[in-house]
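**Q** Quick one: this structure, given as structure tokens, is what I'll be asking you about.
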Amino acid sequence: MRILIATVHVPFIRGGAEVHAERLRDALRAAGHEVEIIAVPFKWYPPERIVDHMLACRLLDVTEVMGTPVDLLIGLRFPAYLIPHQNKVLWILHQFRTAYELWDHQLGDLIYSPNGVEVRDAIRQADRQFIAQAKLVFANSANVAARLKYFCDIEATPLYHPPPKSEEFYTSEAEDYLFFPSRLCLPKRQALVLEALAHTKHPVRVRFAGAADQPLYQNELKSLARKLRVHNRAEWLGEISEPEKRELYARTLAVVYPPIDEDYGYVTLEAMLAAKPLIVCSDSGGPLEFVRHEETGLIAEPQAASLAKAFDQTWADRTAARNWGEAGRALYKEMDITWPHVVRKLLA
Amino acid sequence: MKLNWFSPLPPAKTDIAHYTTRVLPALSKLADVTLWTDQDKWDTGVEDYAAVRHYRLDRMPWVDLNRADANLYQIGNNPLFHGAIWQVSRLHAGVVVLHDFRLHHFFDGLYRVQWRDLNSYLAVMESYYGEEGRREAAESFRNDARNIQHMAERYPLTHLAIENALGVIVHTQESYDALAPEAQWPIVYAPLPFAASSQSSTKQRRSHGPPYRLIVFGYIGRNRRLDAVLKALAELPEKDQLHLDVYGNILDEEKQLRARIRSLDLKPQVTLHGFAPEAKLDEALAAAHLAINLRYPTMGEASGSQLRIWAHGLPSLVSQVGWYGSLPRNTVAFVRTDDNEVPDIKAHLRAFLANPSSFSEMGERGRKELEEKHTPEQYAKTIVEMAREARDFRARAASFKLAQRAGVLLSEWLGPDPSPEACDNVAREILHLAGG
Amino acid sequence: MKEPSQIASPEYTVDRIVARMKEAAAHKGQLADLASSDLVASAEFRPARQNTGLLSGIDIQPIALQPPFQPHSRYHVNDLLKYHDRNFIQNAYRAILKRGPDASGYSAFIESLRSARLNKIDILARLRYSAEGRAKKVEIEGLLAPAIVRKAYRVPLLGYLLNLAVAIARLPVMIRGEQQFEAHVLAQQELIAEQLNSIGRTLGAHAREVSQVFNGQFESIKQRDEHVQQQLDLLAHQAQAARDEVLNLLTEQRNNIEARLDQLDVGLKDEAGQRQQELRALGERVGEATEEVATEFRQHTERLSGDLKREIDRVLQKQQQVNTELVLQGQRLARLLDEARRRLPAPFDQEQLGAIVSETDHTLDAFYASFDEQFRGTREEIKERLKVYLPLMKQQGIGGAEMPILDVGCGRGEWLELLKEQQLRAIGVDSNRVLVGQCSERGLDVAEDDLMGYLRRLDGASLGAVTGFHIVEHLPIETLVQFLNETVRVLKPGGAVIFETPNPQNVLVGSCNFYFDPTHRNPLPSQVMRFLLESRGFARVEVLELNPSDDAPVDEASELARRFNQYFYGPMDYAVIGWKV
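Take a look at the structure:
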């Protein structure tokens, strides 16, 4: 098949979304298709420029090239997913967030423009109109699907994809530590984990991997650890290499991952790949789609005491921990979170 | 429903401030209203019904305008009261309430007098009225001799006030008939609200015999036809049975007016009272037998003063033009314009003297008209419905603007008159973007 | 057709969109893109004018060269002829056709008028006798006749002859008309110039105002900027220092602290508790002790002050007795001397006489000493009053070792004491033995001597200053002059004199208070003293009025009260000051 992946590109900026599109392209090519990425340049200010870009996308014709039809268009991001095509499948990474969940939010900017609400309504109206016209609508995660339902009343199926280098993860004997890999920042709640450590009955240790978004925040966490008198049991590894990361996954007793309302989160999947149980919170969003309480890990309340109980439970019962880890790996297999699966779904 | 309401507020000397205080009690029962003003002072009475926010144009909190369901802009002819409101309305689309249809005075005041910006004024005139509009504007700018009245008649500039509107509310059938066929915005004719009950407390103190009191009130400019009234009165043999009270600031040539009263030998029959506070005016209306509420030429406005006359159950003479001309025949007495004006006034005054009671019945019918069609409750309901309509229209308004931008782009290579075929494909996509 | 209050919704169709596009295409989008935030700063969006008073005054009125036009129902032709050029045509239209000119008519007429093809009468006639003009029937007095004449002019041959004939006949009138026009033009030019000047002045004033405000603002902004920059530098510096310090401290201390924290923790808690108890006990003890000390101190102080009071009373009593004793002694001595004089058979020899006479001089010493006490005020009061002269004494090395101050008639020595306190060298001389004794007791440098004798014995140019408080009024006028001569002699160049004396300009002083002291000779008006000093060769002589009356002046604003207060409650003393060149 001749397939086009439609996404947007802010010139000179390269991030996760660009990598994601390339991995999808590679997977489709591996399945034997002829694939290209078309990236629409994007600028979101002044706000009416967004509406202009929407129209620009609508005016593109990628249905065929010199008489040979393009068989499938896969739309990933707004407004590129508005490009018309007779056989269009959407796999939405996310919508234009400041028109939705970030509208009246500290991260929102659209609301500060004089004509903000008008442009917001134009975006919502177009999404409602054109997303629904696609043949199939997938979302990157259940969370994104839920927002589509809430704001636009559009049904979308979550379609998961594997983290990078998923085939290189392995497992090993559990050692005496829990592993928490994430950037150090507020939404990931490292502080909550330190507070939980202060409540544990067992000498639970946690190894934190990842750089801080702000250097000051790292100092803050360290002094908090001292204040709570758990500094001997909290280890700060900073930024680590990919092989190091996989080794730390392999040797850990369990993976701690209690963020607030995460979209998707590769950590969950990586833990499952390393056959390790997950300790998450009941408000962690994305991870909850994969963790089954006392089957593949533990779901705690987002309070120190509750989280501490989960730590102690894991620390005390190594056998159970190992079993949950294995069950997690089995679940991952069962859910078939692989690129071939993604390709099959998108081409269905 | 959350509404932002931009209006002059009392003590600003404009009937639109009073209008807001009349609508507010009923409206605040249906919606969460915030009043926005650039005045430094306002009567705190309005705060019983709505929060008041002071704004400055150079630091508008757009975020709060974006959070509302709709913003309502009161537009009338006084640039002092409505200049800032209009500028906000240009940047954040909302519902425009037109208190006047002909707005040339307003824009003339803004561009020519306040900003001294000839170029923008000419650009605006050319954009709406072509080469001729530009030329006449240039002449009127250079030479005050050209009558502003003429400009207002010929070039009302109404669209400059409503171009960015998400909805339009007008107070006269005439304005509605002029704008509705364009079908650019949701539009509604809402009869100007007036609480009949607000005047019923004033006791009627009318005497039952001559001299009968005639009353003229409001800003007294040439358009109030006082010259014609005086002439008619002077020519009336029975003038001794009548007395004319004039309340309100005399806008031009007061000396000449007084001289004219002297030369017509009407000093015993006419009293110029000047500006009177509200309460005093209500007393005078309660004591009057006939109101003379002529207005010609008209800016197409509905008249708060006519409603006030009705609220007092007063019969009235009105010009048979514009909104006045559309009033039910049995609630007022019409005066034709030009050569018929003086004879008509005379005829009505004679008829009044012959049969005062038939005129007081006319006043009662007026009061009934007021109670049926002009209630603040009905008006508030219409406002809320319009706000809802406007909110839903927002995405389409954005696409109309997109169409304008696209039109400009097309004109860059297709010239100023692209064929419909050239536009068609783009237009279709624009239409679909907002769910058409 | 909708009923009132029913909302009509707009059409949303391809046609409407196309219409919008075409409309915008036609206007080049002048009014499109309304809500663009790019436009916020543009001409469409203007911040409300702030009435700062800075620019609000600039209000340039248009120059009106021609009188405003008032429409009437009838005109005299001159009403319209007085306008020129465009205004003429405008007003002619408005007067005759009751409307503004249409474009074609306007430009045709203006062209004809300017090229002199038609004159104003022609244009008025054409308008008035056009079909439209006839319908409007506006009366214009004095138009018909000239219009017919004008028409005749334009008949070829007749026109030429007429033109010629009339031109010759009308030459004087034409010249007058030409002159009138010239005058008119001149007047207009003047008017224009005046307008321009006034505009220029207004603009100039505003420009100055603006530039002043700007400069002021600029200055203050610059200063603030510098200040902020300094603050920022300081802050950055401090922050850097603080960070370094904290980091060093942290790295150094962390290991130690962490290792010791655990053991310290428990120990500290116990120790802190114990320390707290100790501190509390200590605090209580200190409180008690303080109380004791305070009580003792209070009692002691009371005892002491009681003793002191008793002692003072005793001394006062004693002094009273001594005073009385002194007076009695004086009287006794006087009587004794009288008696002695009467009884002495032989006259005294010169020496005896001198001794007796000088003893006679001292008979009043005791009286004088207590007189001072009674009438001049306490020692402290006097010293306070005299402080006013100290600045004079501190000039040009006066009071140094080389330039001592001599106080003649030093009395109780208040001035000498004051000078001594200021580390100024001063000598006193007085003939009152009692007072000289008192001064010596106070350790002041005084001599008992007759002041003229004393002065005469001094070397010339040996003193920095000579002062005398309430002395000069005791001297006969010849003595005073001699005294001043001696003073000039003994002063060094740059030296000063100060003489204080009752001020007879105060009527009460001159007529009454002066005579409280029976040894006073003549009241000396300040003018006299000034004259005396200047005549003796003193320079920069000045008079300093002192000690206004303590009694309440008449509290009234009238001229009478002012004068009265001046004469009765004015300064009671004055000082005359002079310098030796």
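Residue numbers (this note's numbering), protein chains in the order written: chain E, 14 to 361; chain L, 315 to 750; chain C, 590 to 1170. Every residue, glycine too, gets a C-beta built ideally from N, C-alpha and C.
Below 8 Å, can you find three or more Cβ-Cβ pairs linking the region 1022-1039 of chain C to the region 1086-1102 of chain C?
**A** With a cut-off of 8 Å, the region 1086-1102 of chain C and the region 1022-1039 of chain C do not count as touching, because too few Cβ pairs lie within range.
**Q** Within 8 Å of any Cβ in chain L, is that where the Cβ of glutamine 227 (chain E) sits?
**A** For glutamine 227 (chain E), the answer is no, since every Cβ of chain L falls outside 8 Å of its Cβ.
**Q** Shorter than 8 Å from the beta carbon of asparagine 318 (chain L) to some beta carbon of chain E?
**A** No, asparagine 318 (chain L) lies away from the interface with chain E (no Cβ there is under 8 Å from its Cβ).
**Q** Note down the Cα distance separating aspartate 330 (chain E) from valine 304 (chain E), rounded to an integer number of angstroms.
**A** Whole-angstrom Cα-Cα distance: 18 Å.
**Q** Give me, in chain order, the residues of the same chain whose beta-carbon lies closer than 6 Å to that of glycine 535 (chain L); leave out the 5 immediate sequence neighbours on both sides.
**A** Correct list, in chain order: Leu565.
**Q** Going along the region 380-409 of chain L in order, which residues come within less than 7 Å of chain E, judged by CB to CB distance?
**A** Against chain E - using a Cβ distance shorter than 7 Å - the residues of the region 380-409 of chain L are Asn380, Arg381, Leu405, His406 and Ala407.
**Q** Would you identify the three-state DSSP class for lysine 1081 (chain C), choosing helix, strand or coil?
**A** Strand.
**Q** Quick check for students: name the residue ranges of the beta strand (DSSP E) that lie wholly in the region 860-891 of chain C, counting only runs of 3 or more.
**A** Taking only runs of at least 3 residues, no beta strand (DSSP E) segment lies wholly in the region 860-891 of chain C.
**Q** Name the residues in the region 42-76 of chain E whose C-beta lies less than 9 Å from a C-beta of chain L; which are they?
**A** If the cut-off is 9 Å between Cβ atoms, the region 42-76 of chain E has Glu61, Val64, Asp65, Met67, Leu68, Arg71 and Leu72 near chain L.
**Q** What's the C-alpha gap between serine 254 (chain E) and leucine 261 (chain E)?
**A** In a straight line, the C-alpha of serine 254 (chain E) is about 11 Å away from that of leucine 261 (chain E).
**Q** Does the distance from the C-beta atom of arginine 62 (chain E) to that of leucine 95 (chain E) stay below 8 Å?
**A** It is not a contact, given that the beta carbons lie outside the stated cut-off.
**Q** My understanding is that arginine 196 (chain E) touches isoleucine 273 (chain E), with C-beta atoms under 8 Å, so please give their C-beta distance in whole angstroms.
**A** Incorrect: roughly 14 Å between the Cβ atoms, too far for contact.
**Q** Interface residues of chain L around glutamate 114 (chain E) at Cβ under 9 Å?
**A** Neighbours of glutamate 114 (chain E) on chain L: none; closest Cβ ~16 Å, over 9 Å.
**Q** Kindly indicate which three-state DSSP category threonine 170 (chain E) falls into: helix, strand or coil?
**A** Looking at threonine 170 (chain E) - three-state DSSP - the assignment turns out to be strand.
**Q** Provide the residue span of the alpha helix (DSSP H) that contains leucine 319 (chain E), from first to last.
**A** One point to set straight first is that residue 319 (chain E) is serine, not leucine, in the sequence displayed. Taken as a continuous stretch (DSSP letters only), the alpha helix (DSSP H) holding serine 319 (chain E) covers 317-329.
**Q** If you measure from the beta carbon of arginine 702 (chain L) to each beta carbon in chain E, is any gap under 8 Å?
**A** Not closer than 8 Å to any Cβ of chain E, the Cβ of arginine 702 (chain L) fails to qualify, so no.
**Q** On the DSSP bridge assignment, give the partners of threonine 20 (chain E) in chain order.
**A** In the DSSP output, where bridge partners are listed per residue, threonine 20 (chain E) has E:Ala52.
**Q** Indicate whether the contact test is met: 3 or more Cβ pairs, each with one atom in the region 401-417 of chain L and one in the region 428-437 of chain L, closer than 8 Å.
**A** Cβ pair count under 8 Å is below three, so no.
**Q** Can a CB atom of chain E be found closer than 8 Å to the CB of glycine 721 (chain L)?
**A** No, its Cβ sits nowhere closer than 8 Å to a Cβ of chain E.
**Q** So, with DSSP's three-state summary, where would you put serine 577 (chain L)?
**A** Serine 577 (chain L): helix per DSSP, three-state reduction.
**Q** In or out: isoleucine 647 (chain C) buried (at least 16 other Cβ within 10 Å) or exposed?
**A** Below a pLDDT of 50, predicted positions are generally treated as unreliable, and isoleucine 647 (chain C), at 37, falls in that range; no measurement from the model is reported.
**Q** Just how far apart, CA to CA, sit glutamine 639 (chain C) and histidine 368 (chain L)?
**A** Low confidence applies here, because glutamine 639 (chain C) scores a pLDDT of 36, under 50, leaving its location unreliable; read the following figure in that light. Roughly 15 Å separates the two Cα atoms.
**Q** For chain C, find out if any of its Cβ atoms is closer than 8 Å to the Cβ of valine 632 (chain L); answer yes or no.
**A** No, its Cβ sits nowhere closer than 8 Å to a Cβ of chain C.
**Q** Answer yes if the region 220-230 of chain E comes into contact with the region 142-155 of chain E, meaning at least three C-beta pairs across the two stretches below 8 Å, and no otherwise.
**A** No: the two stretches stay apart, fewer than three of their Cβ pairs being nearer than 8 Å.
**Q** Against chain C, with Cβ distances strictly below 8 Å, would proline 535 (chain L) count as a contact?
**A** Going by the sequence as given, residue 535 (chain L) is glycine instead of proline. False, the Cβ-Cβ gap to chain C never drops below 8 Å.
**Q** CA-CA distance, glutamine 819 (chain C) and leucine 115 (chain E)?
**A** The alpha-carbon atoms of glutamine 819 (chain C) and leucine 115 (chain E) are separated by roughly 40 Å.
**Q** Taking Cβ positions only, does aspartate 134 (chain E) come closer than 8 Å to chain L?
**A** By this cut-off, aspartate 134 (chain E) is an interface position.
**Q** By the three-class DSSP mapping on this structure, what secondary structure does threonine 351 (chain E) have?
**A** In the structure shown, threonine 351 (chain E) sits in coil (DSSP, three-state: anything other than H, G, I, E or B).
**Q** Spatial neighbours of histidine 174 (chain E) within its chain, please: CB distance less than 6 Å, with the 5 preceding and 5 following residues excluded, ordered by chain position.
**A** Answer for histidine 174 (chain E): Val355, listed in chain order.
**Q** Should arginine 622 (chain L) be labelled buried (16 or more other beta-carbon atoms within 10 Å of its own) or exposed?
**A** Classification for arginine 622 (chain L): buried.
**Q** Against chain E, does valine 740 (chain L) count as a neighbour if the rule is that its beta carbon must be under 8 Å from one of theirs?
**A** Taking Cβ atoms only, chain E reaches closer than 8 Å to valine 740 (chain L), which makes this a yes.
**Q** Taking its Cβ as the centre, do 16 or more other Cβ atoms sit within 10 Å of isoleucine 350 (chain E), making it buried, or is it exposed?
**A** Isoleucine 350 (chain E) should be labelled buried.
**Q** So, using beta-carbon positions, are valine 1077 (chain C) and leucine 1040 (chain C) closer together than 8 Å?
**A** Cβ distance not < 8 Å, so valine 1077 (chain C) and leucine 1040 (chain C) don't count as in contact.
**Q** Can you round the beta-carbon distance between methionine 1161 (chain C) and serine 1138 (chain C) to whole angstroms, since I take them to be within the 8 Å contact cut?
**A** Contact holds; Cβ gap of about 6 Å.
**Q** Going along the chain, which unbroken runs of the alpha helix (DSSP H) with 4 or more residues stay wholly within the region 377-406 of chain L?
**A** Fully enclosed alpha helix (DSSP H) runs of 4 or longer: 393-405.
**Q** Quick check on the burial criterion: 16 or more other C-beta atoms within 10 angstroms. Buried or exposed for valine 130 (chain E)?
**A** Under this definition valine 130 (chain E) is a buried residue.
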